[in-house]
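Novice: Using this note's numbering, the first residue of the sequence shown is number 3, and each one after it goes up by one. Just so it is clear, CB atoms sit at the ideal spot from N, CA and C, and this is done for glycine as well.
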Amino acid sequence: MKQEEILAIVAAQRTFFDSGATLPVENRIQGLKKLREAILRREEEICDALRQDLGKSAFESYMCEVGLTCSEITYMLGHVKRFAKERRVATPLAQFAARSYVKPVPYGVNLIMSPWNYPFMLTMDPLVDALAAGNTAVLKPSAYSPHTSRLIETIITECFDPSYVAVVTGGRAENQCLLQAPFDHIFFTGSQAVGREVMRQAAERLTPVTLELGGKSPCIVTPSAKLPLAARRIVFGKFLNCGQTCVAPDYLLCHRSVKESLLRAITQEIRRQFGDEPLQNADYGKIINQKHFDRLTALLSSGQVVWGGKGDRASLRIEPTVLDGVTWEDPVMGEEIFGPVLPVLTYDTLEEAAALINARPHPLALYLFTEDKREVRYLTERCQFGGGCINDTIIHLATSNMGFGGVGASGMGAYHGKAGFETFSHRKSIVDKKTWLDLPMRYQPYSSANFRMVRRFLK
Numbered sequence: 003m004k005q006e007e008i009l010a011i012v013a014a015q016r017t018f019f020d021s022g023a024t025l026p027v028e029n030r031i032q033g034l035k036k037l038r039e040a041i042l043r044r045e046e047e048i049c050d051a052l053r054q055d056l057g058k059s060a061f062e063s064y065m066c067e068v069g070l071t072c073s074e075i076t077y078m079l080g081h082v083k084r085f086a087k088e089r090r091v092a093t094p095l096a097q098f099a100a101r102s103y104v105k106p107v108p109y110g111v112n113l114i115m116s117p118w119n120y121p122f123m124l125t126m127d128p129l130v131d132a133l134a135a136g137n138t139a140v141l142k143p144s145a146y147s148p149h150t151s152r153l154i155e156t157i158i159t160e161c162f163d164p165s166y167v168a169v170v171t172g173g174r175a176e177n178q179c180l181l182q183a184p185f186d187h188i189f190f191t192g193s194q195a196v197g198r199e200v201m202r203q204a205a206e207r208l209t210p211v212t213l214e215l216g217g218k219s220p221c222i223v224t225p226s227a228k229l230p231l232a233a234r235r236i237v238f239g240k241f242l243n244c245g246q247t248c249v250a251p252d253y254l255l256c257h258r259s260v261k262e263s264l265l266r267a268i269t270q271e272i273r274r275q276f277g278d279e280p281l282q283n284a285d286y287g288k289i290i291n292q293k294h295f296d297r298l299t300a301l302l303s304s305g306q307v308v309w310g311g312k313g314d315r316a317s318l319r320i321e322p323t324v325l326d327g328v329t330w331e332d333p334v335m336g337e338e339i340f341g342p343v344l345p346v347l348t349y350d351t352l353e354e355a356a357a358l359i360n361a362r363p364h365p366l367a368l369y370l371f372t373e374d375k376r377e378v379r380y381l382t383e384r385c386q387f388g389g390g391c392i393n394d395t396i397i398h399l400a401t402s403n404m405g406f407g408g409v410g411a412s413g414m415g416a417y418h419g420k421a422g423f424e425t426f427s428h429r430k431s432i433v434d435k436k437t438w439l440d441l442p443m444r445y446q447p448y449s450s451a452n453f454r455m456v457r458r459f460l461k
């Protein structure tokens, strides 16, 4: 798509937004219902597209993509009327007589750029929040997941006029054209490198951005942890979607005293969940493309392989792999892995673990397995991270009752539920001053009596 076509879409959406058509809450609800109906009607097609792009099973596609999207729509349908209401706040006595309130209003025309690893959910979830807040949106799904991107375009075309919601497909050229268009807000999910470029381009127009990035999310296991259960939940979170999850445990940081027992439990869990030959497991997915397959294969030179390590370049599949003897200087620790490779490192004291984590860019997630509440309190207070779980992995993002987002290098802003509504809204602070009374103390000429009264009010 050429720059002129993209600018025409943005102009049409601005005209539609300026008409006020997105402001009535009932219109927003109707749009969300129409979207949900289309998703449910095409559930089988969505799962098939995800299988072609990422090798996902129908179970995983529904659990992690279709189901989460429908859950977000259902939540918004139940809460959008309340979220959209203006909220009265207290008025200072010095401003008597007046009514003060906060009025949420949509930003306007939004750009939503989504990645390939959860291509349906990470496109539709922010769209749901944007529509609930009363916006229009241009969607830019990833070129790396073409089957899902095409189906998203089909669904959106069925549900909405392009002046309300439009889809732009393509690659880097389209991305650059979109970033140069006059949007009111940009929502980006993807890598830190591209996130920097999005922020740089947005700064040219002072466009507000929400960045959902990634990072090396640690998984800490203390001596008090229930190791068999910890291993089961770590294996689930790490190897879901072949490790291609922004909040997957990137590396294991376990106490030295439990490392051997934990490694045995993890290898047992891999066999239990994926079988002795994971590459033959029809429900185990694949790496997105050969470029990422080769990158991940190169990381296997770090440390020693405890389990796994085999790959099939023809099918783009790599076994769930555990690496021991890894150091912080190894290549596998120099970048976000984003694949089915789990390096294992150790610590001796909780203070050392916290220092190791804080010495690096803030991760998107942190996971802690422990039965000691003091350890929970210490690490959740001392370490900077976007969000996480105690005694589990991944699941903190699967709720509309908490915002999901990063901090520092792992992102800015949050979404899901109320946090998502607020991300796509500007909250206007308004004072409605009454005309039946006018206190004269603020006007010139100033007097000592009025000064004393001002000091009495403002202290």
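Rounded to the nearest angstrom, what separates Pro108 and Leu301 at their Cα positions?
Specialist: Near 44 Å, if we compare the C-alpha coordinates of Leu301 and Pro108.
Novice: Exposed or buried, Asn119, counting other C-beta atoms within 10 Å across all chains shown (16 or more means buried)?
Specialist: So Asn119 counts as buried.
Novice: Tell me the start and end of each unbroken beta strand (DSSP E) in the stretch 273-329 that is at least 3 residues and wholly inside, in chain order.
Specialist: 306-309 and 323-326, all fully within the stretch 273-329.
Novice: With respect to the beta strand (DSSP E) encompassing Ser431, which residues constitute its N-terminal and C-terminal limits?
Specialist: Note, Ser431: beta strand (DSSP E), Ser427 to Lys435.
Novice: Sort Thr150, Leu153 and Ile8 by Cα distance to Ala183 and report the nearest one.
Specialist: Comparing Cα positions, the closest option is Ile8.
Novice: Please list the segments of the alpha helix (DSSP H) lying wholly inside the stretch 375-455, counting only runs of 4 or more residues, in order along the chain.
Specialist: Listed in chain order, the complete alpha helix (DSSP H) runs (minimum 4 residues) inside the stretch 375-455 are 375-384 and 419-425.
Novice: What three-state label does DSSP hand Ile114 in the structure shown?
Specialist: Here Ile114 sits in strand by DSSP.
Novice: In whole angstroms, what separates the C-alpha of Ile359 from that of Glu62?
Specialist: Rounded to whole angstroms, Ile359 to Glu62 spans 31 Å at the Cα level.
Novice: Between the alpha carbons of Glu88 and Ile75, how many angstroms are there, rounded?
Specialist: Roughly 22 Å between the two C-alpha positions.
Novice: Rank Tyr166, Asn243, Gln386 and Glu373 by C-alpha distance to the C-alpha of Val343 and give the top, closest one.
Specialist: If we check each option's Cα against that of Val343, Asn243 comes out closest.
Novice: If I measure Cβ to Cβ from His364 and keep anything under 8 Å in the same chain, skipping five residues before and after, which residues do I get?
Specialist: The answer, listed in chain order, is Gly217, Gln386, Phe387, Gly388, Gly408, Val409, Gly410, Ala411 and Ser412.
Novice: Does the beta-carbon of Tyr286 have 16 or more other beta-carbons within 10 angstroms, so that it is buried, or is it exposed?
Specialist: Classification for Tyr286: buried.
Novice: Comparing alpha-carbon positions, which option in Ile157, Ala361 and Ser317 lies nearest Asn283?
Specialist: Ranking Ile157, Ala361 and Ser317 by Cα distance to Asn283 puts Ser317 first.
Novice: Alpha carbons only, please: which of Ala233, Pro121 and Gly405 is nearest the one belonging to Ile268?
Specialist: The shortest Cα separation from Ile268 among Ala233, Pro121 and Gly405 belongs to Ala233.
Novice: Take the Cβ of Asn112 as the centre, count every other Cβ of all protein chains shown within 10 Å, and call the residue buried at 16 or more, exposed below.
Specialist: Asn112 comes out buried.
Novice: Between His428 and Gly136, what straight-line distance do the alpha-carbon atoms span, to the nearest angstrom?
Specialist: Each residue's alpha carbon lies about 11 Å from the other.
Novice: Please list, in chain order, all residues of the same chain as Val346 whose beta carbon is under 6 Å from its beta carbon, the five residues on each side excluded.
Specialist: So the list reads Leu254 and Asp326, once near-sequence residues are dropped.
Novice: What are the residues that DSSP puts in a beta bridge with Glu262?
Specialist: Partner(s): none; Glu262 has no beta bridge.
Novice: Hey, quick one: how far does the alpha helix (DSSP H) through Glu214 stretch, first residue to last?
Specialist: Where Glu214 is concerned, there is no enclosing alpha helix (DSSP H), although the beta strand (DSSP E) it sits in stretches over Val211 to Glu214.
Novice: Buried or exposed: which applies to Thr382, given that a residue is buried once 16 or more other Cβ atoms fall within 10 Å of its Cβ?
Specialist: Per the 10 Å Cβ criterion, exposed.
Novice: Does DSSP put Ile339 in a helix, a strand or coil?
Specialist: If DSSP states are grouped into helix, strand and coil, Ile339 belongs with coil.
Novice: If you follow the beta strand (DSSP E) that Phe190 is part of, which residue opens it and which one closes it?
Specialist: His187 to Thr191 is the span of the beta strand (DSSP E), which, as asked, contains Phe190.
Novice: Rounded to a whole number of angstroms, what is the C-alpha to C-alpha distance between Asp20 and Tyr77?
Specialist: If you take the alpha carbons of Asp20 and Tyr77, they lie about 27 Å apart.
Novice: Which residues does DSSP list as the beta-bridge partners of Val12?
Specialist: DSSP lists no partner for Val12.
Novice: Would you mind giving the Cβ-Cβ distance between Ser219 and Ala250, rounded to the nearest angstrom? I have them listed as a contact below 8 Å.
Specialist: Confirmed, about 7 Å.
Novice: Bridge partners for Ile222 per DSSP, in chain order?
Specialist: DSSP, once it has assigned bridges, lists Leu255 and Leu370 as partnering Ile222.
Novice: Relative to the C-alpha of Tyr417, which candidate in Thr401, Ser59, Glu176 and Phe371 has its C-alpha closest?
Specialist: For Tyr417, the nearest C-alpha among the options comes from Thr401.
Novice: At 3 residues or longer, and completely inside the stretch 84-112: list those beta strand (DSSP E) runs for me, N to C.
Specialist: Entirely contained in the stretch 84-112, the beta strand (DSSP E) runs reaching 3 residues are, in chain order, 89-91 and 100-108.
Novice: Please return the same chain residues whose Cβ sits closer than 6 Å to the Cβ of Thr49, not counting the five positions on each side in sequence.
Specialist: A quick correction: the sequence has Cys, not Thr, at residue 49. Excluding positions up to five away in sequence, the list reads Ala60 and Ser63.
Novice: Quick one: what does DSSP say Tyr349 is sitting in, helix, strand or coil?
Specialist: Tyr349: strand per DSSP, three-state reduction.
Novice: Does the beta-carbon of Gly419 have 16 or more other beta-carbons within 10 angstroms, so that it is buried, or is it exposed?
Specialist: With 16 or more Cβ atoms within 10 Å of its Cβ, Gly419 is classed as buried.
Novice: For Asp434 and Phe98, I'd like the C-alpha separation in whole angstroms.
Specialist: Each residue's Cα considered, the two are about 10 Å apart.
Novice: Where does Val170 sit, in a helix, a strand or coil, going by DSSP?
Specialist: Reduced to three states, the DSSP call for Val170 is coil.
Novice: With Pro164 and Ile41 assumed to form a contact (beta carbons below 8 Å), what rounded beta-carbon distance in angstroms separates them?
Specialist: No, Pro164 and Ile41 are not in contact; Cβ-Cβ is about 19 Å, not under 8 Å.
Novice: Use the C-beta contact count for Tyr369: other C-beta atoms within 10 angstroms, 16 or more gives buried, fewer gives exposed.
Specialist: Burial call: buried.
Novice: On the DSSP bridge list, what partners appear for Ala139?
Specialist: Answer is Asn112 and Val167, bridged to Ala139.
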